[in-house]
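A.B. asks:
2 protein chains.
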Amino acid sequence: MAQDSAASPGKVPRTARGRETLRKLLDAAAAEFGERGFHEASISGITRRAGTALGSFYTYFDSKDAIFTALVRDMSARVATTAAAAVSEGATGLRREREALVGFLHFAREHKEIYRIIDEAEFADPESYRAHYEGTATRIAARLAEGVQAGIVRHGDQEVRAWAIMGMNVFLGLRYGVWDDSRPVEEIAEVAADLLGEGLNRR
Amino acid sequence: MAQDSAASPGKVPRTARGRETLRKLLDAAAAEFGERGFHEASISGITRRAGTALGSFYTYFDSKDAIFTALVRDMSARVATTAAAAVSEGATGLRREREALVGFLHFAREHKEIYRIIDEAEFADPESYRAHYEGTATRIAARLAEGVQAGIVRHGDQEVRAWAIMGMNVFLGLRYGVWDDSRPVEEIAEVAADLLGEGLNRR
């Protein structure tokens with residue numbers, strides 16, 4: 152989702168300055184929800200962090216629920232953009248999955264609050280939670296289908312594979328991104344790509 | 152965790168009847184927390200579902216937090232037991248992972264509340280949340296190491312692999328266990344085992 156469509160219906164900013172305020176509010180919301188959790192977070196906490204007036208909040212959002220939904224969708228879109236940006240031009244199949252994972256692991260380290268926010272959406276905004284994972288899995292399945300077309304990925308059930316790969320990435324990001332970032336991202340991605348590319352079986 | 156050690160310290164049941172009451176309370180807690188979430192759930196809701204007196208609750212647990220922690224650990228132990236029980240005697244390597252996944256997918260379908268409960272532990276009881284995943288990953292890594300010993304699994308970083316496989320299983324359980332159980336469990340496990348065994352690369 153482009154950040155300027157993150158506002159509540161009828162509240163889309165029309166100026167560069169408005170878009171900047173909206174971005175500040177979303178970043179402040181990430182910090183507020185990430186640190187305090189959905190229930191404890193407050194609109195005044197968000198505007199204080201953003202350094203904006205309370206009125207600015209209501210210029211763009213109807214409620215705490217509305218900015219939380221916008222934030223989940225914004226983070227979901229940023230995960231997609233980050234993964235896409237991390238992939239080299241023309242990379243397909245395993246190389247593409249590996250580069251996307253490297254991008255995601257860096258993102259998770261830089262935005263550790265993302266897990267808490269997405270995971271809390273399971274309770275505070277189940278629709279956005281589901282949309283995030285369904286959207287991500289659909290993108291992975293499409294990448295795999297392109298890899299099959301290119302002749303480098305084996306035929307198979309791309310939907311089930313996509314959910315498996317997404318789960319793998321999410322848990323590697325939790326363990327080696329959020330909880331402990333002491334190991335090089337490339338090292339984690341190397342093990343994952345080897346597992347995904349060649350499998351476990353000794354030949 | 153054995154169910155009779157699930158009670159609060161000093162409150163372990165000493166009779167078969169006591170253990171039965173404790174089990175009833177844990178099952179009722181799974182339904183109460185699963186349906187209403189941690190914040191809305193109440194001790195009286197749990198005892199009503201269990202058909203026990205309020206006094207019985209305090210015979211075994213100190214608080215709502217205490218039974219929630221006991222429940223997360225009980226579910227975590229049941230996931231471990233279920234996966235172990237689903238594996239044929241002597242199965243190693245990929246066959247073992249596949250059978251464990253089949254067991255887990257059945258468990259997720261029969262206990263759909265488990266996701267909500269474990270996921271809510273991230274917020275309500277982070278220590279148990281972490282212990283659940285660290286414990287599960289440690290078991291998977293140990294299984295893989297045995298597979299290497301047996302000469303059927305390729306050498307590699309078993310810890311990273313274990314987190315990848317666990318994530319895969321968790322997301323397949325969410326998608327094909329909890330959200331939509333229309334596809335046969337064996338079919339999902341077949342795709343996952345093929346991916347895990349042979350990898351994506353066309354040869």
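Protein chains in written order, with the numbering used here: chain A, 152 to 354; chain B, 152 to 354. The C-beta atom is built at its ideal place from N, Cα and C for all residues, glycine as well.
Ile269 of chain B touches chain A at which residues, Cβ-Cβ below 8 Å?
C.D. replies: Ordered by position in chain A, no residue passes the 8 Å Cβ test against Ile269 of chain B, which lies about 11 Å from the chain.
A.B. asks: Taking the continuous alpha helix (DSSP H) assigned at Leu222 of chain A, which residues delimit it?
C.D. replies: Lys215 to Ala237 is the span of the alpha helix (DSSP H), which, as asked, contains Leu222 of chain A.
A.B. asks: With which residues is Val329 of chain B paired in a DSSP beta bridge?
C.D. replies: In the DSSP output, where bridge partners are listed per residue, Val329 of chain B has none listed.
A.B. asks: Where does Leu245 of chain A land, buried or exposed, given buried means 16+ other C-beta within 10 angstroms?
C.D. replies: Its Cβ being crowded by 16 or more others within 10 Å, Leu245 of chain A is buried.
A.B. asks: Nearest CA to the CA of Leu252 of chain A: which residue from A:Val321, A:Leu351, A:Glu349 and A:Leu177?
C.D. replies: Of the candidates A:Val321, A:Leu351, A:Glu349 and A:Leu177, the one whose C-alpha sits nearest the C-alpha of Leu252 of chain A is A:Val321.
A.B. asks: So for Ala153 of chain A, helix, strand or coil by DSSP?
C.D. replies: Confidence in Ala153 of chain A is poor, its pLDDT being 47 and thus under 50, which makes the residue's placement unreliable; the coordinate value appears in the next sentence. In the structure shown, Ala153 of chain A sits in coil (DSSP, three-state: anything other than H, G, I, E or B).
A.B. asks: Among B:Leu347, B:Lys263, B:Ala292 and B:Val311, which residue has its Cα nearest to the Cα of Ala315 of chain A?
C.D. replies: When only C-alpha atoms are compared, the closest one is B:Leu347.
A.B. asks: Leaving out five residues on either side along the sequence, give the residues of the same chain with a beta carbon under 8 Å from the beta carbon of Ile269 of chain B.
C.D. replies: If we look at Ile269 of chain B and ignore the five residues flanking it on each side, its Cβ neighbours are Val223, Met226, Ser227, Tyr280 and His283.
A.B. asks: Comparing the C-beta of Met226 of chain B with each C-beta of chain A, is any distance below 8 Å?
C.D. replies: No, no contact with chain A.
A.B. asks: Quick one: measure Cβ to Cβ for Leu173 of chain A and Pro160 of chain A, integer angstroms, because I've assumed they're closer than 8 Å.
C.D. replies: Not confirmed; about 14 Å, so no contact.
A.B. asks: Using only the heavy atoms of the ligand MG, determine whether one of them is closer than 7 Å to the beta carbon of Glu240 of chain B.
C.D. replies: With respect to small molecules bound, the structure shown includes none, and the ligand MG cannot be examined in it.
A.B. asks: Work out the CA separation of Ala340 of chain B and Arg249 of chain B for me, nearest whole Å.
C.D. replies: Whole-angstrom Cα-Cα distance: 6 Å.
A.B. asks: Alpha carbon to alpha carbon, what distance is there between Leu177 of chain A and Ile107 of chain A?
C.D. replies: Because chain A in this structure spans residues 152 to 354, residue 107 of chain A falls outside the shown range and cannot be described.
A.B. asks: Taking only beta-carbon atoms, is Leu245 of chain A less than 8 Å away from chain B?
C.D. replies: For Leu245 of chain A, the answer is yes, since a Cβ of chain B falls inside 8 Å of its Cβ.
A.B. asks: Assuming Phe274 of chain A contacts Phe219 of chain A (C-beta within less than 8 Å), just tell me the rounded distance between them.
C.D. replies: Their Cβ separation, rounded to whole angstroms, is 11 Å, which puts Phe274 of chain A and Phe219 of chain A out of contact at 8 Å.
A.B. asks: Ala221 of chain A: which of A:His262, A:Ala179 and A:Arg312 sits nearest, CA to CA?
C.D. replies: When only C-alpha atoms are compared, the closest one is A:Ala179.
A.B. asks: Give, in chain order, every residue of the region 253-282 of chain B whose Cβ lies closer than 9 Å to some Cβ of chain A.
C.D. replies: Cβ contacts with chain A: Tyr266, Arg267, Asp270, Glu271, Glu273, Phe274 and Arg281.
A.B. asks: Please list, in chain order, the residues of the region 332-348 of chain A that have any C-beta partner in chain B closer than 9 Å.
C.D. replies: Taking 9 Å as the Cβ-Cβ cut-off against chain B, the residues of the region 332-348 of chain A that qualify are Arg334, Glu338, Ile339, Glu341, Val342, Ala343, Asp345, Leu346, Leu347 and Gly348.
A.B. asks: Could you give the DSSP three-state label for Pro160 of chain B: helix, strand or coil?
C.D. replies: If DSSP states are grouped into helix, strand and coil, Pro160 of chain B belongs with coil.
A.B. asks: By Cβ distance, which residues of its chain are closer than 6 Å to Leu212 of chain A, with the 5 residues on each side in sequence left out?
C.D. replies: The amino acid at residue 212 of chain A is misidentified as Leu; the sequence shows Phe. The residues are Ser159 and Ile218.
A.B. asks: Put Arg290 of chain A into one of helix, strand or coil per three-state DSSP.
C.D. replies: In this structure, Arg290 of chain A counts as helix in the three-state DSSP scheme.
A.B. asks: Strictly under 8 Å for the Cβ-Cβ distance: is Gly307 of chain B near chain A by that measure?
C.D. replies: Judged by the 8 Å Cβ criterion, Gly307 of chain B is in contact with chain A.
A.B. asks: Just curious, the alpha helix (DSSP H) that Ile194 of chain A is in, first and last residue?
C.D. replies: That run of the alpha helix (DSSP H) goes Ile194 to Ala201.
A.B. asks: Between which two residues does the alpha helix (DSSP H) harbouring Ala259 of chain B extend?
C.D. replies: Residues Gly244 to Glu261.
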